[in-house]
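J.: If you want the working numbering, it's the 1-based position in the sequence shown plus 158.
Below are the structure tokens for one structure; questions will follow.
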Amino acid sequence: MEKFLKIFDALSDETRLRIFLLLTRNELCVCELTNILNMKQPRISNSLRILKEAGLVESKREGQWIIYSVNPKTVENEIIQSLKKEVRLTASDRRKIVKCKGESIREKCRVG
159 MEKFLKIFDA LSDETRLRIF LLLTRNELCV CELTNILNMK QPRISNSLRI LKEAGLVESK
219 REGQWIIYSV NPKTVENEII QSLKKEVRLT ASDRRKIVKC KGESIREKCR VG
């Protein structure tokens, strides 16, 4: 039961829900999420931490980047499947993710 409480708690916040829905479409790094959501990095990072602790999101390192994606085990969860059917990204968020990928935001954020 605790597993489901963590999932519900993690997705009860609009920012975390938007991040989760964005990650169902594409793998993204923090700088891409800050660009798409127009939010500060600490807020995005904290939201990702909560999603990760709930088992909804996983991360991997690619060079200097930490890339976030939906945990594949989560996709099999019936609650998550129902959520994805009922809750959609806004048209604005869909446009922003396409624009972000088209503008190679990750490369523009490259340090060094």
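By construction, the Cβ of each residue, glycine as well, lies at the ideal position given by its N, Cα and C atoms.
Which residues in the same chain as K164 place their Cβ atom closer than 8 Å to its Cβ, once the five residues preceding and following it in sequence are excluded?
T.: Within the sequence shown, numbered from 1, the residue matching residue 164 stands at position 6. Closer than 8 Å at the Cβ level, and outside the excluded window around K164, lie E211, A212, G213.
J.: For I224, I'd like the list of residues in its chain whose CB is within less than 8 Å of its CB, leaving aside the five on either flank, ordered along the chain.
T.: For this step, residue 224 is matched to residue 66 along the sequence shown. Cβ neighbours of I224 beyond the five flanking positions: C187, V188, S217, K218.
J.: For G260, count neighbouring Cβ atoms within 10 angstroms of its own Cβ and tell me buried if that reaches 16, exposed if not.
T.: The count along the sequence shown starts at 1 and reaches residue 260 at position 102. Counting Cβ neighbours within 10 Å, G260 comes out exposed, since fewer than 16 surround it.
J.: Count the other CB atoms, across all protein chains shown, that sit within 10 Å of the CB of I255; report buried if there are 16 or more and exposed otherwise.
T.: Translated into the one-based positions of the sequence shown, residue 255 becomes position 97. Result: buried.
J.: Quick check on DSSP: helix, strand or coil for S240?
T.: On the sequence shown, residue 240 is found 82 positions in, with the first residue counted as 1. Residue state, collapsed to three classes: helix.
J.: Which residue comes first and which comes last in the alpha helix (DSSP H) that contains S262?
T.: Mapped onto the sequence shown, residue 262 falls at position 104. Careful: S262 lies outside any alpha helix (DSSP H) and carries neither H nor E.
J.: Can you check DSSP and say which residues form a bridge with L186?
T.: What you label residue 186 is simply residue 28 of the sequence shown in a count that begins at 1. DSSP, once it has assigned bridges, lists Y226 as partnering L186.
J.: Drop a sphere of 10 angstroms on the beta-carbon of T192, count the other beta-carbons inside from all chains shown, and report buried for 16 or more, exposed for fewer.
T.: For the purposes of this step, residue 192 is taken as residue 34 along the sequence shown, with counting starting at 1. Answer is buried; the Cβ neighbour count reaches 16.
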